[in-house]
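Below: the structure, in structure tokens.
Residue numbers (the numbering used here): 418 to 718.
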């Protein structure tokens, strides 16, 4: 029981850290592309050190490396759109819309993994769409930020489905190592061809370096490694329900750090609560009414 309680505490700490990611994104003065470029580089190096400390081998076949690099591009674009949404709107808007990742995952998984769509996904999908409609209606000033955050949510759903296939065959930390490297390489190529380096790379100020290290090491490498570790003790159901608290932690933290600038209309919060209710309802209904599908055996780190 003590081990379970300790693991639950660690999981909530990880979710709190994930929620703090949005705060760091707003505090860092770099634009979204360069912010993610530094984040992926730092996370790539931190994961490399962690894998070496654990004595893990990085050897995977060439086809898998190419696939992981491709998924890394998707992760990079997801983070870029997420942080850009924060910078052009608010943290609350970005996190509220990002909660719709469940909707996109439920639509993409049947198409990519070729499994049937179940009625629970349709019900929760309708609720999420209703919540998004409320956000659109009550926050017209942030329409660009809302659309950008929804693109980010779609990309999060996409790489979640793709990673579900990869994680059945390879260790999670190894997957993340190659994805961080692939995403960093992809952004580097973009900046080369777009003339970013020629125009002059924006150098982080001293506070940016501190926030970037927190973002890359604590919020990415450590948080991911810890989230994988607690899955040895806690059920997938508990993990999924707890991770759904991320937008709540993030929105509360945003209000603590940035005060009234993060206050939104009542309609926004109603829409966000509708989305979160659907997100929490999904695993509950899925567990109660749908037969358990055999989960892929996941290698542990």
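Glycine residues also receive a C-beta, built at the ideal position from the N, C-alpha and C atoms.
- In the DSSP assignment, residue 523 falls within the alpha helix (DSSP H) that extends over 518-530.
- Residue 682 and residue 556 do touch by the CB rule: their CB atoms are close to 6 Å apart, below 8 Å.
- Counting every other CB atom within 10 Å of its CB across the protein chains shown gives residue 663 a total of 16 or more, marking it as buried.
- Along the length of the region 574-624, whole alpha helix (DSSP H) runs at least 4 residues long occupy 589-610 and 613-616, reported in chain order.
- Taking all protein chains shown into account, residue 705 has fewer than 16 neighbouring C-beta atoms within 10 Å of its C-beta and is therefore exposed.
- Taking C-beta atoms as the reference points, residue 464 and residue 638 count as a pair closer than 9 Å.
- Around the CB of residue 432, 16 or more other CB atoms lie within 10 Å, so the residue is classed as buried.
- In this structure, residue 601 sits away from residue 496, with a CB-CB distance that is not shorter than 9 Å.
- Counting C-beta atoms within 10 angstroms of its own C-beta, residue 513 has 16 or more neighbours from the protein chains shown and is therefore classed as buried.
- The Cβ-Cβ distance between residue 684 and residue 554 falls below 9 Å.
- Below 8 Å, enough C-beta pairs join the region 627-645 and the region 589-597 to call them touching: three or more.
- For residue 606, the closest of 490, 440, 594 and 517 by C-alpha to C-alpha distance is 490.
- Take the alpha-carbon of residue 546 and the one of residue 540: they are about 10 Å apart.
- Nearest to residue 567 by C-alpha distance, out of 443, 460 and 552, is 552.
- Rounded to the nearest whole angstrom, the CA to CA distance from residue 549 to residue 500 is 19 Å.
- For residue 509, the closest alpha carbon among the candidates 575, 690 and 468 is that of 690.
- In chain order, 533 and 534 place their CB closer than 7 Å to the CB of residue 527, counting only its own chain and leaving out the 5 sequence neighbours on each side.
- In this structure, the CA atom of residue 452 is about 8 Å from the CA atom of residue 629.
- Straight-line measurement puts the Cα of residue 473 at about 40 Å from the Cα of residue 542.
- The three-state secondary structure of residue 691, taken from DSSP, is helix.
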